[in-house]
Amino acid sequence: MSVRKNPILRETSHLLIPAILLFALYVQFHGDYGPGGGFQAGVIFASGIILYALLHGTKRAEKVISLNLAKTFAAIGLLLYAGIGVFGILLGGNYLDYNVLTQNPVHGQHWGILIIELGVGITVAAVIISIFYAFAKFKK
Amino acid sequence: MMVVMVIVFLRAWLGPSLYDRILAINIFGTATVLIIAILGFYMQRPAFMDIALVYSLINFIGTVAILKLYRFDDLGHREEKES
């Protein structure tokens, strides 16, 4: 399944990969009004990268997102999640208490959910990409 | 639609060659997408459309992955000549 020998596969996938990534962002940021959320968005985003890796091999995919970068992003997402929780404590609430984030509790809930879901999405996408690398590079 | 899915499932189960099975699974996924879309229309929940979209995208990626695994026994394969 080399890319050069399969023009149909190449063109279709190169049309689909940006659409998949864009749809992942839509699911991410529209998650509080429709179906979706951080986990689903992360999986969709990772599946776009996985499609790229299937087409071009893991070596070229690792030039886009290397394994170390994926691990770093997993840590950053978790840090975002935990940091918002600790930030709530610093502002005088409980852990992961969104009400104190802004003056208006409703706005606080909104921003809190958005940032938490962003952290979840980043972590899930990074971890799934690294799991795929681990399986794809496995030698018998 | 259910009849189509049953027939296609039988083809995937009995299918003489691998390509019959892969094609059958692909058609099964397409039928699932259609059923999700029809259900969303019937239950007046347009949000089902997003789920149908995700399902079709994942279906495509899954088919590509199965074909590549069958052809090369390796998901991370890359042709050496390509730079």
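Protein chains in written order, with this note's numbering: chain A, 1 to 140; chain B, 1001 to 1083. Every residue, glycine too, gets a C-beta built ideally from N, C-alpha and C.
Roughly how far, in whole angstroms, is the beta-carbon of residue i from the beta-carbon of residue j, given that I think they are within contact range, below 8 Å?
i               : j               : result
A1047 (chain B) : P7 (chain A)    : Actually they are not in contact, since the Cβ atoms of A1047 (chain B) and P7 (chain A) sit about 36 Å apart, beyond 8 Å.
I1061 (chain B) : I50 (chain A)   : 7 Å
A70 (chain A)   : G48 (chain A)   : No, A70 (chain A) and G48 (chain A) are not in contact; Cβ-Cβ is about 14 Å, not under 8 Å.
A136 (chain A)  : T72 (chain A)   : No, A136 (chain A) and T72 (chain A) are not in contact; Cβ-Cβ is about 20 Å, not under 8 Å.
I122 (chain A)  : I76 (chain A)   : 6 Å
Y1055 (chain B) : G1029 (chain B) : 7 Å
Checking 7 Å against the spacing of the C-beta atoms, do residue i and residue j come in under that value?
i               : j               : result
A134 (chain A)  : G42 (chain A)   : no
A74 (chain A)   : I129 (chain A)  : no
N99 (chain A)   : G108 (chain A)  : yes
A1065 (chain B) : L91 (chain A)   : no
D164 (chain A)  : G83 (chain A)   : The first residue shown for chain A is 1 and the last is 140, placing residue 164 (chain A) beyond what the model contains.
A1052 (chain B) : A1037 (chain B) : yes
G119 (chain A)  : Y81 (chain A)   : yes
I1027 (chain B) : V1008 (chain B) : yes
Starting from the Cα of residue i, find the closest Cα among the options and give me that residue.
i               : options                               : result
I1058 (chain B) : A:L21, A:R60 and A:A82                : A:L21
T12 (chain A)   : A:I113, A:I131 and A:Y52              : A:Y52
V1006 (chain B) : B:Y1055, B:L1018 and B:T1032          : B:T1032
L78 (chain A)   : A:H56, A:E62, A:G38 and A:P105        : A:G38
Y26 (chain A)   : A:A61, A:I44, A:L9 and A:T58          : A:I44
L114 (chain A)  : A:V127, A:F29 and A:R10               : A:F29
Y33 (chain A)   : B:F1041, B:T1030, B:L1039 and B:R1045 : B:R1045
F132 (chain A)  : A:E62, A:Q103 and A:W111              : A:E62
On the three-state DSSP scale, how would you describe residue i?
i               : result
R10 (chain A)   : helix
D1020 (chain B) : helix
T1032 (chain B) : helix
H30 (chain A)   : coil
T102 (chain A)  : coil
Q147 (chain A)  : Because chain A is modelled from 1 through 140, residue 147 (chain A) falls outside the range shown and cannot be assessed.
E1079 (chain B) : No answer about E1079 (chain B) holds up, because its pLDDT of 48 lies below 50 and its placement is not dependable.
D97 (chain A)   : coil
P35 (chain A)   : coil
S47 (chain A)   : helix
G83 (chain A)   : helix
S66 (chain A)   : coil
R1045 (chain B) : coil
M1005 (chain B) : helix
F73 (chain A)   : helix
K59 (chain A)   : helix
L1069 (chain B) : helix
G92 (chain A)   : coil
F135 (chain A)  : helix
M1 (chain A)    : Model confidence at M1 (chain A) stands at a pLDDT of 48, short of 50, so the residue's coordinates are unreliable; what they give is reported in the following sentence. If DSSP states are grouped into helix, strand and coil, M1 (chain A) belongs with coil.
G1015 (chain B) : coil
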